[in-house]
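Single-structure report; data block below.
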Amino acid sequence: MINARDRRSTTFVVLVGLALLAMVALLGVAVGAVSIGLPDVVRALGGVGDPSVVAIVRDLRVPRVLVAACVGAGLAVSGSALQGTMRNALAEPYLLGVSGGAAVGAVVLMAVGISRPDVVTLGAFAGAALATLLVTALARVVGGSGDTRLLLMAGVIVGAFANACILVALADAPPEKLRGALWWMMGSAADATWPAVARVGAAVLVFGALLVWWARELDVLALGDDAAAALGVDVDRASRRMFLVASWLAAATVAAAGLIGFVGLVVPNLARGMGATRQRPMMLVSAVYGAALLVGADLLARTLRAPAELPLGAVTAIIGVPFFLFRLRRMSA
Amino acid sequence: MGATTTHDIRIRGLTVQYPGRDRAALDGVSFDALPGTITAVVGPNGSGKSTIVRALLRRVAVAAGSISIGDNVVSAMDPRAFAQRVAVVPQREEPARALSVTDFVGLGRHAHRSAFGVMRTSDRAAIDRAMARAGMTDAMHQRIDQLSGGEWQRVRIARALAQEAAVLVLDEPTTFLDIGHEMAVFELLDAIAREGCTVLLVSHQLNLVARFASHIVLLHAGTVVASGSADVVMRGDVLEAVYDWPLVITRDPAVGAPSLLPLRRQARPVRDRVDAPTGRIT
Amino acid sequence: MSYPVLASSRALFAVALAAIAISACARSADRAVEQSRASDDRSALQSRTISAADTDDFGAPLPTDARDAARVVSLNPTATEVIFAIGAESRLVGRSRWDEFPAQAASIPALGDGIRPNVEALLGARPTLVILYATEENRAAARALQRAGVRTLALRVDHIAQFMSLCAQLGVALDATERARVVADSVQRTLDRVRDATRGASPVTVVWPLWRAPVLVVGRGSYLDELLEIAGGRNVFHDFAAPSPAVSIEEIAKRNPDVLIASAKTSGELRASTAWRSVAAVRNQHLLLDDPSLTGRPSVVLGMAAVSLARLLHPDRAAALR
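Residue numbers (our numbering), protein chains in the order written: chain A, 7 to 339; chain B, -9 to 272; chain C, 112 to 433.
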């Protein structure tokens, strides 16, 4: 029987998270290089006022906030699914070749001179999706595509190969291309446009919904392979499809905003710390808090060193490090 | 309940070979576990007892032979269908997450629930029944990482009971249990068997097995060395050879079944002596 | 578990990225250093007479002996172009693969990169003088060449004044001082004419995006900023010392320039992007297309570049220019 008390506390946590997200999103839309008063912001959302202000609010800030929210939610849900499938709280969305594959896709395109954002996005997603398939195929050829250690190893191999490709592609590049490639890899929501919002939003909805659908299987998988098989789960098939979909969800976020670390690792741990023990509530809590975290990080990224922007990946790392120090102390206590 | 053939376990010529080992883990093992009885598989470490359970769960590749539940071969069964008919309590399990006992036992209903289905009354009732039978109702709201070793074992049994399957397979279910709890588990298994379920048990506890199991299968190095009732299998010469340790078999009328007593190494190996009703060792 | 392996591969990648980043930063760092040196020359827009006591941009003494310039390799695009302009191309035995101007330069063998050049390949052409691009990363190559007995001349042009001094220095090194002065003076005269033509016109405020991701614009440290000023424009990011500082679209919108200058390809992308609609100049289609063949490099075409910019910014006043 689902504990009524548990359910109430999860609902409370989700509501708090949604409130936090709303607040941070509002801040994200109201704050920027150009100071716009709140009433003007609200009017601009409706399309009323100075065309520059309207454009800044509706075409610059709102898409950024939306992309950051989708990417944050996607990474958190992906991390949550991978941590459940691998039964390891240190698993994160880029484990299975996603970061390397996406970076290869994007950087190679940029190195040959293609810089149109939607083409680069597509290239990044294709690279990541292929890399993930390569990792699972490699693990299957060697022994078993559900075996966690084999997958991890295959992920390391594919990742190392991808890094080599990236370095070769960039070795010769003139400074601007180099800078552009680095900028992409360090993560940013600065290029957010409405089409990008639609793309990443659709991916997060579709892949995220699949993972939430399969969430209860993860609860059973968490018991161990033997116990899970005993309770009616096809362990190999369930693990494999979880890995693939979680990785593709992460790939969609990388395609939209580059490599952003720590969110997929930290937020599910946070959700667990807030009392979510079952996978489905944990994913929902993770999605909400992941979105809030990244919207906040994006706000910091563009205000800390205005008018220049910090890379989003750097800001999340700065947030992530003290979090882990804190957890480390608690673990040893 | 009349004897049926829909939920007996039939193992025929089961052969399992782990890669890289020279001898087979199981070599042509055959036996049946019938409904309404407790069938126990015993034997020394490494004899292949747990491999039978893993083969049943399809976690190891079977080189030859088959396992069937009734007329259905296990390897052809859909995992969900299998879990609805067979409940397995594997040997080892660590509490991975801080679930509540109720949620944990509720996982046993996984094979009966659809992906988004809510807990139905039948599910809730099954969970309540299972916890009551395993004596865990008082622990309903505790977290599984706060349980003692014995409570943890009983909660795992409760989860298996929640599956409400006609076949129950347990691999070493009484590790970490004190005498009282161990007896309680065996008496529970006995009651379940009497209701018509098929109970297959892998255990080290020869003496308890002798008292509760109607069919014992003695495994050694992957083959069946002896099989039958306790009187047939509990023979000193056979057991000494299998366990490679001096021992003596006694029989106490209060117990009603043969008991095995291991001796100190320096004692001379003693042959089988089935006692007169006086209960003395001669 | 294999996490140590994971951690080390991630660490490797991070180190590699860091190495790339550091080298990129080194390039921009020493560009900043060169900025502060060159800013002293900004006021002196006349060509200077060079004496033997002068040094190149690495501080090495200037080669003044004509024999030193019998076989010249130029790994500096501006220098290559000027060498052709002063008629000394017969001495050229090699160039860098990035030296594309003038078109005749294609007949000179390409010996590889201009930054961190392959010294072996250079020595294979048996040069007596190698003209390098003056960046910190080429110091090692300069030392290696000097050890091999080859003279080096390290130059760079971030500002117009440096172009003038590059012409003079090349004139001395290649024994073509008179022709070098002619080239420098011709460019200077064109610049003066443009400045005269636009004098008194109210400056047009300009933003000039050089790159989209990250958003890089022309800053004070670039010759393009100087050209804009000469052509009667004012760079809204003149307060940034770097040649191509990174800013945000919102900052550009805030500074609200009258016009935006970009190449045809970039303009198309900006018009199509929803994010750039926040800049009034984009919204109102005040996009001026520049000609990268003239503005793309600080070389003999500087004068024509100024003319083309003046035509964009003050078409009526620049009509008389030729």
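We put the beta carbon where it would ideally sit given N, CA and C, even for glycine.
Please read all numbers here as calculations on a predicted model, not as lab measurements.
Query	Result
Taking just the CA atoms, how far does Ala324(C) sit from Val268(C)?	25 angstroms
So which residues of chain A does Pro163(B) contact, with C-beta pairs closer than 8 angstroms?	Result: empty, since nearest Cβ-Cβ is about 13 angstroms, beyond 8 angstroms.
Which whole-angstrom value is the C-beta distance of Ala196(C) and Val411(C), which I expect to be below 8 angstroms?	5 angstroms
Can you pull the DSSP bridge partners for Thr316(C)?	Arg345(C)
What are the residues of the stretch 302 to 329 of chain A that lie near chain C, defined by any Cβ-Cβ distance shorter than 8 angstroms?	Arg308, Ala312, Pro313, Ala314, Glu315
Can you find a C-beta in chain A that's less than 7 angstroms from the C-beta of Asp385(C)?	In the sequence as presented, Asp is not what sits at residue 385(C); that position holds Thr. Closer than 7 angstroms: yes.
Could you have a look at Ala137(C) and say whether DSSP puts it in helix, strand or coil?	With a pLDDT of 45 at Ala137(C), under the threshold of 50, the modelled position of this residue cannot be trusted; read the value that follows with caution. Ala137(C): helix per DSSP, three-state reduction.
Hey, quick one: how far does the beta strand (DSSP E) through Ser56(B) stretch, first residue to last?	54 to 59
Please classify Thr(-4)(B): does DSSP put it in a helix, a strand, or coil?	coil
Give the residues from the stretch 42 to 73 of chain A that approach chain C closer than 9 angstroms (Cβ to any Cβ), ordered along the chain.	Pro57, Ser58, Val59, Val60, Ala61, Ile62, Val63, Arg64, Asp65, Leu66, Arg67, Pro69, Arg70
Would DSSP call Thr165(C) helix, strand or coil?	Note that residue 165(C) is Asp in the sequence shown, not Thr. Asp165(C) falls in the coil class under three-state DSSP.
How many Å lie between Phe176(B) and Leu250(A) at the Cα?	44 angstroms
Compare the Cα-Cα distances from Asp307(C) to each of Thr166(C), Ala180(C), Ala429(C), Val183(C) and report the closest residue.	Ala429(C)
Which residue's Cα is closest to the Cα of Val183(C): Thr316(C), Ser404(C), Leu234(C), Ile360(C)?	Leu234(C)
Would you kindly check if the distance between the Cβ of Val31(B) and the Cβ of Val214(B) is under 7 angstroms?	no
Under a CB-based cut-off of 7 angstroms, is Val226(A) close to chain B?	yes
So for Pro172(C), helix, strand or coil by DSSP?	strand
Just to confirm, is the Cβ distance from Ala137(A) to Gly85(A) under 7 angstroms?	no
Whose C-beta lies closer than 6 angstroms to the C-beta of Gly332(C) among residues of the same chain, with five residues either side of it excluded?	Gln146, Ala352, Ala353, Pro354
Determine the contact status of Gly149(A) and Leu140(A), defining contact as a CB-CB distance below 7 angstroms.	no
Determine the burial state of Glu231(C): buried for a count of at least 16 other Cβ atoms within 10 Å of its Cβ, exposed for fewer.	exposed
Distance cutoff 7 angstroms, beta carbons only. Does Ala252(C) sit that close to anything in chain A?	no
Do you know whose CA, among Ala259(C), Gln273(C), Ile360(C), Ala392(C), lies nearest Leu371(C)'s CA?	Ala392(C)
Can you give me the C-alpha to C-alpha distance between Glu289(C) and Leu318(A), rounded to a whole angstrom?	55 angstroms
Using CA atoms only, rank isn't needed, just tell me which of Gly165(A), Met116(A), Arg205(A) is closest to Leu184(A).	Met116(A)
Counting C-beta neighbours from all protein chains within 10 Å, is the total for Gly264(A) 16 or more, i.e. buried, or is it exposed?	buried
Answer yes or no: does any C-beta atom of chain B fall closer than 7 angstroms to that of Trp219(A)?	yes
Are any of the Cβ atoms in chain B nearer than 7 angstroms to that of Leu237(A)?	yes
Only counting the same chain, and skipping five residues up and downstream in sequence, which positions put a Cβ closer than 6 angstroms to that of Met280(A)?	Val19
Can a CB atom of chain B be found closer than 7 angstroms to the CB of Asp240(A)?	yes
If you draw a straight line from the alpha carbon of Tyr100(A) to that of Ala234(A), how long is it in whole angstroms?	25 angstroms
Within a Cβ cutoff of 6 angstroms, which residues of the same chain sit near Leu381(C), ignoring the five residues on either side of it in sequence?	Trp387, Val393
Please name the residue, chosen from Ala148(B), Arg0(B), Ser249(B), Leu209(B), that lies closest to Ala14(B) on a Cα-to-Cα basis.	Leu209(B)
Express the C-alpha separation of Pro314(C) and Met191(A) in angstroms, rounding to a whole number.	39 angstroms
Taking the straight line between their C-alpha atoms, what separation do you get for Leu97(B) and Phe329(A)?	32 angstroms
In whole angstroms, what separates the C-alpha of Leu302(C) from that of Leu256(C)?	37 angstroms
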